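Protein chains: 2
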Amino acid sequence: MATRSHSSFQFSAFPVTMLAHLLAIAGTTLVLVWLLHFQGGFAFKSDNKQKIFNLHPLLMVVGYLIPIGEVIMVYKTVPGTRKVQKIFHLTLHFIALLAGILGIYAVFKFHHELGIPDMYSLHSWLGMSTIGLFGLQWLSAFFFFLWPRAEMPARASLAPWHFFIGAVIFLMAILTAETGLVEKFSFLGLRRSQEALIMNFTGLLILLFGVSVGLTVLLPGNWIG
Amino acid sequence: MATRSHSSFQFSAFPVTMLAHLLAIAGTTLVLVWLLHFQGGFAFKSDNKQKIFNLHPLLMVVGYLIPIGEVIMVYKTVPGTRKVQKIFHLTLHFIALLAGILGIYAVFKFHHELGIPDMYSLHSWLGMSTIGLFGLQWLSAFFFFLWPRAEMPARASLAPWHFFIGAVIFLMAILTAETGLVEKFSFLGLRRSQEALIMNFTGLLILLFGVSVGLTVLLPGNWIG
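Protein sequence lines correspond, in order, to chains A and B. Residues in the first sequence are numbered from 0 upward in steps of one, following numbering that gives the first Met the number 0. Residues in the second sequence are numbered from 0 upward in steps of one, following numbering that gives the first Met the number 0.
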């Protein structure tokens with residue numbers, strides 16, 4: 000998935016990174032409209048437990064999923080040396096990881112305060128596997144590629160696995176978001192309504208964002224193309 | 000995504016194709032156990048409308064999703080000339096498309112007989128987009144790559160887009176399957192039970208199958224490696 004392998008695409012990554020940013024903004028907007036207008040906003044402590052739950056989709060989509068997509072594109076969007084790009088990539092992924100962990104904490108808190116069982120759904124299984132793999136991927140990337148850093152031949156043979164496993168984790172994050180939207184949609188008993196449309200379009204925007212991020216990785220960039 | 004670009008993976012596709020076949024068998028088994036043992040089996044006409052619904056997950060997972068994954072791997076699993084592999088790839092994809100269309104017909108029939116509205120969920124939107132794109136991809140591949148077939152430079156510049164769009168459609172098919180499982184899980188009101196575990200493990204097996212199919216595409220094959 001290295002850039003040079005795909006120069007067969009006669010197309011530069013730049014317009015697709017712009018499209019991804021627009022989809023990220025649109026997705027963030029819909030999530031905020033949904034949670035603020037239809038679901039009553041956010042709180043860490045409240046008698047309205049729904050406000051605690053609402054932190055979960057906010058932090059997972061706006062704090063974790065969209066940022067990790069943006070950070071995957073760093074090598075195409077941030078000018079500078081490879082080293083600078085790597086530091087960006089790892090630092091911003093770490094901040095997203097913290098937001099993700101906080102988002103998972105929020106939903107456990109919500110379950111706990113209402114006596115709802117945890118970890119029985121496919122959504123929760125996918126989500127927990129995703130954040131766990133993400134943490135492992137982050138740690139191994141830090142040690143192998145940044146500090147203390149493996150020798151060149153080892154780095155070269157590890158790189159494609161880092162790309163592949165990263166792609167799988169990003170795919171899993173998208174799967175988790177979509178299954179979470181569908182699960183909440185069912186819990187709310189929605190069918191045809193404004194709120195239903197907003198949730199479904201959020202799902203479509205997340206998918207299109209994921210696809211455009213995936214495409215930017217394959218297309219040749221401006222800085223290293 | 001052409002094989003030669005990824006010879007940086009020092010690993011052959013063969014063991015991963017075997018793993019994918021095993022996951023396909025395991026996933027098929029779980030779907031059959033779920034639908035036959037817990038959900039009462041299949042029927043095209045019945046007073047037990049659930050039996051009509053059951054044709055939907057059967058045809059979509061066992062008739063469509065798993066076969067399209069297997070057919071993606073044809074270039075790594077079926078020996079023979081490129082032309083023979085292409086004919087396999089297109090013919091088997093066409094049969095899977097027919098199974099998918101029949102599976103969608105089954106769920107519309109189920110909705111119709113019970114007066115349930117159609118196409119209001121993210122699952123249905125994703126599924127309909129997936130099958131539509133699949134049909135378009137199939138038609139364009141037939142005309143560009145098989146008959147009457149575009150000229151070589153055009154084919155070479157279309158090939159990476161065929162791979163990329165194919166990967167997106169396969170990802171969308173997985174997303175649709177997972178959201179369908181989660182939606183049905185909610186409709187059935189499941190939490191912790193044997194049936195819940197079987198449905199969730201089906202979801203995990205589908206994900207692992209998808210990941211292993213994706214990996215075989217990147218790894219060098221035996222026939223063209």
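Where a beta carbon is used, it is the ideal one built from N, C-alpha and C, also for glycine. Values in this document were obtained by computation on a predicted structure and should not be read as measured data.
Rounded to whole angstroms, the Cβ separation of Lys85 of chain A and Phe143 of chain A is 11 angstroms, and the two are not in contact under 8 angstroms. Counting the other CB atoms within 10 Å of its CB gives Met72 of chain B a total of 16 or more, which places it among the buried residues. Burial state of Gly202 of chain B is buried, judged by a 10 Å Cβ sphere holding 16 or more other Cβ atoms.
An exposed status is given to Gly114 of chain A, since fewer than 16 other beta-carbon atoms sit within 10 Å of its beta-carbon. Nearest to Leu207 of chain B by alpha-carbon distance, out of B:Leu54, B:Ala105, B:Leu174, B:Ala98, is B:Leu174. Contact of Thr76 of chain B with chain A is not assigned, every C-beta pair being separated by 9 angstroms or more. According to the DSSP assignment, Ile24 of chain A belongs to the alpha helix (DSSP H) that extends over 13-31.
In this structure, the alpha-carbon of Ser45 of chain B lies about 24 angstroms from that of Ser123 of chain B.
Proximity of chain A to His122 of chain B at the Cβ level (cut-off 7 angstroms) is accounted for by Val181, in chain order. With a beta-carbon spacing of about 25 angstroms, Phe41 of chain A and Leu21 of chain A fall beyond the 8 angstroms limit used to define contacts.
Between the region 92-110 of chain B and the region 132-143 of chain B, the count of Cβ pairs shorter than 8 angstroms is three or higher; the stretches touch.
For chain A, the residues of the region 100-120 of chain B that bring a beta carbon within less than 8 angstroms of one of its beta carbons are Pro116, Tyr119, Ser120, in chain order. Three or more Cβ pairs closer than 8 angstroms define a contact, and the region 56-69 of chain A meets that threshold against the region 157-173 of chain A. Contact annotation, Val181 of chain B with Val181 of chain A: C-beta distance approximately 5 angstroms; criterion of less than 8 angstroms satisfied. Residues of chain A whose Cβ lies closer than 9 angstroms to the Cβ of Gly68 of chain B do not exist, since the nearest Cβ in that chain is about 14 angstroms away. DSSP places Leu187 of chain B outside both helix and strand once states are collapsed to three, so it counts as coil. Distance from the CA of Trp146 of chain A to the CA of Gly188 of chain A, rounded to the nearest whole angstrom, comes to 50 angstroms.
Contact check for Ser11 of chain A against Ser156 of chain B fails: the beta carbons are separated by 9 angstroms or more. Taking the beta carbon of Arg190 of chain B as reference, the chain A residues within 7 angstroms of it are Pro116, Tyr119, listed in sequence order.
A Cβ-Cβ distance of about 15 angstroms is found for the pair Phe52 of chain B and Glu194 of chain B, leaving them out of contact under the 8 angstroms criterion. Not flagged as an interface residue toward chain B: Met59 of chain A, since no C-beta distance is shorter than 9 angstroms. Minimum Cα-Cα distance from Phe109 of chain B among the listed residues B:Leu29, B:Lys50, B:Tyr119 corresponds to B:Lys50. Nearest CB-CB separation between Leu18 of chain B and chain A: not below the 9 angstroms threshold. Using beta-carbon distances, Phe87 of chain B does not count as an interface residue toward chain A, since no partner is under 9 angstroms. With fewer than 16 other beta carbons inside 10 angstroms of its own, Thr80 of chain B counts as exposed.
Leu218 of chain B carries a coil assignment under DSSP once its states are collapsed to helix, strand and coil. At a cut-off of 9 angstroms, the C-beta of Thr178 of chain B has a neighbouring C-beta in chain A. By the criterion of a C-beta distance shorter than 7 angstroms, Val106 of chain B is surrounded in its chain by Phe52, His55, once the five residues flanking it on both sides are discounted. Ala155, Ser156, Ala158, Pro159, Trp160, Phe163: these are the residues of the region 151-164 of chain A whose beta carbon lies less than 8 angstroms from some beta carbon of chain B, given in chain order. For Gly68 of chain B, the uninterrupted alpha helix (DSSP H) run begins and ends at 65-71, by DSSP. With distances taken between CA atoms, Leu35 of chain A lies nearest to A:Ile197 out of A:Met17, A:Thr215, A:Ile197.
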